[in-house]
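Data block below; observations after.
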Amino acid sequence: MVLLIILVLILVFLAGVSTYRLIMLRRGGTAAILRVLPADGGQGWRHGLIRYDEDRLVFFKLTSLKLGPDSVIRRQGLEIGERRGPRGDEYDIMIDGIAVVGVSDPHGAFELALDRDSLTAFSSWVESRPSDRTRRMR
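Just add 1369 to the spot in the sequence shown (first one is 1) and you have my numbering.
Next comes the structure, spelled out in structure tokens:
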């Protein structure tokens, strides 16, 4: 009987976490595919949503039960790397018209796969950051 109660409590907890995560995803965002570097070939890509904050971009994987964001990319110190199209087996999860952008911040390196509209939004977010000079004056 105790085992059954524990099992029911675990299931209720998992249902609550799943519901919370679904609510977080339904609040909106931009569809994106992200992977943490280093990664080999077409491995490590995860579908999800990105949201822009004033100082960071947060990524929520679609298949995660984590209560917060799965990855965070900070705008301060962000460097944009190579832009390319999908290669090799990446076409299994991406279509033509998708741009893969390498980005790195002081905490890690990532690749983002975005469509044209999402790439425009991402570029605008990056370019609108305050300069280091402005931040020092505050």
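Backbone N, C-alpha and C fix where the C-beta goes; we use that ideal spot for every residue, glycine too. Since the structure is predicted, the reported quantities are computational estimates derived from the model, not experimental observations.
Inset, instruction - Please say whether Trp1494 and Tyr1421 have beta carbons closer to each other than 8 Å? - result: Numbered from 1 along the sequence shown, position 52 holds the residue referred to as residue 1421. Numbered from 1 along the sequence shown, position 125 holds the residue referred to as residue 1494. Closer than 8 Å, so yes.
Inset, instruction - May I have the straight-line CA-CA distance separating Glu1459 from Met1370, to the nearest angstrom? - result: The sequence position of residue 1459 within the sequence shown is 90, counting from 1. The sequence position of residue 1370 within the sequence shown is 1, counting from 1. If you take the alpha carbons of Glu1459 and Met1370, they lie about 49 Å apart.
Legend entry - Residue of Leu1403, Ala1384, Glu1448 minimising C-alpha distance to Ala1468: If you number the sequence shown from 1, residue 1468 lands on position 99. Measuring C-alpha to C-alpha distances from Ala1468 to each of Leu1403, Ala1384, Glu1448 identifies Leu1403 as the nearest.
Legend entry - Exposed unless 16 or more other CB atoms sit within 10 angstroms - verdict on Gly1417: Position 48 of the sequence shown, counted from the first residue, corresponds to residue 1417. With 16 or more other Cβ atoms within 10 Å, it is buried.
Inset, instruction - May I ask you to report which of helix, strand or coil DSSP gives Ile1419? - result: Counting from 1 along the sequence shown, the entry for residue 1419 is found at position 50. If DSSP states are grouped into helix, strand and coil, Ile1419 belongs with the strands.
Inset, instruction - With a cut-off of 8 Å on the beta carbons, I'd call Val1472 and Gly1450 a contact; round off their distance for me. - result: Here residue 1472 refers to the residue found at position 103 when the sequence shown is read from its first residue. Here residue 1450 refers to the residue found at position 81 when the sequence shown is read from its first residue. Val1472 to Gly1450, Cβ: 6 Å. Contact.
Inset, instruction - Could you pull out every unbroken beta strand (DSSP E) segment of at least 3 residues lying fully inside the region 1386 to 1413, listed in chain order? - result: As for any beta strand (DSSP E) of minimum length 3 sitting wholly inside the region 1386 to 1413, the runs are 1399 to 1405, ordered along the chain.
Legend entry - Cut-off 6 Å between Cβ atoms - residues of its own chain near Gly1413, not counting five sequence neighbours on either side: The residue given as residue 1413 occupies position 44 in the sequence shown. Here the set comprises Arg1404.
Inset, instruction - May I ask you to list the residues that DSSP assigns as paired with Ala1482? - result: Taking the first residue of the sequence shown as position 1, residue 1482 is located at position 113. Answer by DSSP bridge pairing, in chain order: Ile1402, Val1469.
Inset, instruction - Return the CA-CA distance between Leu1383 and Ala1408, expressed in angstroms with no decimal places. - result: For this step, residue 1383 is matched to residue 14 along the sequence shown. For this step, residue 1408 is matched to residue 39 along the sequence shown. Leu1383 and Ala1408 have their C-alpha atoms some 30 Å from each other.
Legend entry - Secondary structure of Ile1375, DSSP reduced to three states: Taking the first residue of the sequence shown as position 1, residue 1375 is located at position 6. Three-state result, Ile1375: helix.
Legend entry - Cα-Cα separation, Asp1439 to Ala1478: Against the sequence shown, residue 1439 aligns to sequence position 70. Against the sequence shown, residue 1478 aligns to sequence position 109. Rounded to the nearest angstrom, the gap between the Cα atoms of Asp1439 and Ala1478 is 14 Å.
Inset, instruction - Inspect the beta-carbon positions of Ser1387 and Leu1434 and report whether they are closer than 8 Å. - result: Position 18 of the sequence shown, counting from 1, holds the residue named residue 1387. Position 65 of the sequence shown, counting from 1, holds the residue named residue 1434. One thing to note: Ser1387 has its Cβ within 8 Å of the Cβ of Leu1434.
Inset, instruction - Determine the direct distance from the alpha carbon of Arg1415 to that of Leu1431, and round the result to whole angstroms. - result: In the sequence shown, counting from the first residue as 1, residue 1431 sits at position 62. In the sequence shown, counting from the first residue as 1, residue 1415 sits at position 46. Taking the straight line from one Cα to the other gives about 8 Å.
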